[in-house]
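Shown next, in structure tokens, is the structure this report addresses.
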Amino acid sequence: MKSKCMVCDTNIWYWLSAGNISELEIQNKHLIGTFVTAQEFCSTYNIINNYKLYREAVIAFNQRSSIVITETPIEYIKKLSGLDYSVNDGWEAFKALEYIIDNEILPSKELLLPHLDEYSNVGIELNSKVMALKLDIQSKVSERGAYRRAMTTESAKAKHFEVTKNIIAQLVGSNNINWEAIDLFISTFDEWLRQLSIMTTLTITPNDWSDIFNLVYVQPGDYYWSKDERKTKNFIKICGKSNYLI
């Protein structure tokens, strides 16, 4: 039987370490760890709230990953597209996790807390800008029903998809992107943005951004594994990419 390559959401490593995923479930599966997960591990308040639980998840990530992709999402897109990219761009996060693995007891919560607060504030600030843009767009829509119907037409979806591709091209700094290689990511990211413009009650959080950009590492033929059925996983289904899900 051919093994399945599965890019894992961060929650999978917590489930594995807690024994909530059986060995049978991961038989014939190559679990893929990513920079995004490493970054999440380095920035979660679980470090100080429940260090034992947190450290066990980090160890599972380290020991059970068949492959670990160390490039940041943007650098990985460059790599997939045959562009110049930085090999060590995300390496600091992995060096920090090595420290966690080697230390059963967290030395100082006081030293970590400012770092966690700083990272959290940056994420909140960036996220608030996106939400402000969403509210600005929605404030200019006079008839919500008509706008929603318009955004569900195939022509509107196609135009929106091109806008999303342009956003990614600007982040990467090139138009020469292998879009096929990031099929799941670009389709889900586009659906996220489209739904944000349509749904007045939908919000996006820093954690959602991690979920979205973790999809960069899922190649055609690979799978995405997450125990979180909300938002991102639901939008994967809505945009017709369920073939990537387990």
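With my numbering applied, the sequence shown corresponds to residues 10 to 255, in that order. Glycine residues also receive a C-beta, built at the ideal position from the N, C-alpha and C atoms.
Output needed for residue i: all residues of its chain with C-beta closer than 6 Å, excluding positions within five of it in sequence on either side, in chain order.
{"i": "residue 26", "result": "65, 66, 69"}
{"i": "residue 184", "result": "178"}
{"i": "residue 196", "result": "248, 250"}
{"i": "residue 218", "result": "none"}
{"i": "residue 48", "result": "102"}
{"i": "residue 85", "result": "225"}
{"i": "residue 6", "result": "The structure shown does not extend to residue 6, since the chain is modelled only from 10 to 255, so the question has no answer here."}
{"i": "residue 75", "result": "39, 40"}
{"i": "residue 214", "result": "none"}
{"i": "residue 30", "result": "24"}
Going by DSSP, which residues form a beta bridge with residue i?
{"i": "residue 14", "result": "39"}
{"i": "residue 76", "result": "41"}
{"i": "residue 234", "result": "17"}
{"i": "residue 254", "result": "233"}
Would you kindly check if the distance between the Cβ of residue j and the Cβ of residue i is under 7 Å?
{"i": "residue 234", "j": "residue 221", "result": "no"}
{"i": "residue 180", "j": "residue 83", "result": "yes"}
{"i": "residue 53", "j": "residue 78", "result": "no"}
{"i": "residue 187", "j": "residue 89", "result": "yes"}
{"i": "residue 17", "j": "residue 40", "result": "yes"}
{"i": "residue 167", "j": "residue 159", "result": "no"}
{"i": "residue 13", "j": "residue 232", "result": "yes"}
{"i": "residue 236", "j": "residue 22", "result": "no"}
Starting from the Cα of residue i, find the closest Cα among the options and give me that residue.
{"i": "residue 250", "options": "224, 217, 236", "result": "224"}
{"i": "residue 96", "options": "127, 168, 81", "result": "81"}
{"i": "residue 229", "options": "92, 190, 244", "result": "190"}
{"i": "residue 56", "options": "35, 122, 71", "result": "122"}
{"i": "residue 157", "options": "137, 209, 127, 134", "result": "209"}
{"i": "residue 206", "options": "246, 216, 161", "result": "161"}
At the level of alpha carbons, what is the spacing between residue i and residue j?
{"i": "residue 113", "j": "residue 60", "result": "9 Å"}
{"i": "residue 108", "j": "residue 51", "result": "11 Å"}
{"i": "residue 182", "j": "residue 211", "result": "29 Å"}
{"i": "residue 244", "j": "residue 163", "result": "17 Å"}
{"i": "residue 172", "j": "residue 119", "result": "44 Å"}
{"i": "residue 170", "j": "residue 111", "result": "45 Å"}
{"i": "residue 36", "j": "residue 241", "result": "26 Å"}
{"i": "residue 94", "j": "residue 87", "result": "6 Å"}
{"i": "residue 239", "j": "residue 204", "result": "13 Å"}
{"i": "residue 63", "j": "residue 199", "result": "32 Å"}
{"i": "residue 130", "j": "residue 137", "result": "10 Å"}
Quick check: is any heavy atom of the ligand FMN less than 6 Å from the C-beta of residue i?
{"i": "residue 235", "result": "You won't find the ligand FMN in this model; it holds no ligand whatsoever."}
Tell me which same chain residues have a C-beta within less than 8 Å of the C-beta of residue i, skipping the five on either side of it?
{"i": "residue 28", "result": "none"}
{"i": "residue 91", "result": "185, 187"}
Please check if any C-beta of chain B sits within less than 7 Å of the C-beta of residue i.
{"i": "residue 104", "result": "As a matter of chain content, chain B is missing from the structure shown, which is built from one protein chain."}
Within its chain, find whatever has a CB closer than 7 Å to the CB of residue i; leave out the 5 residues flanking it on each side and keep chain order.
{"i": "residue 73", "result": "25, 40"}
{"i": "residue 134", "result": "none"}
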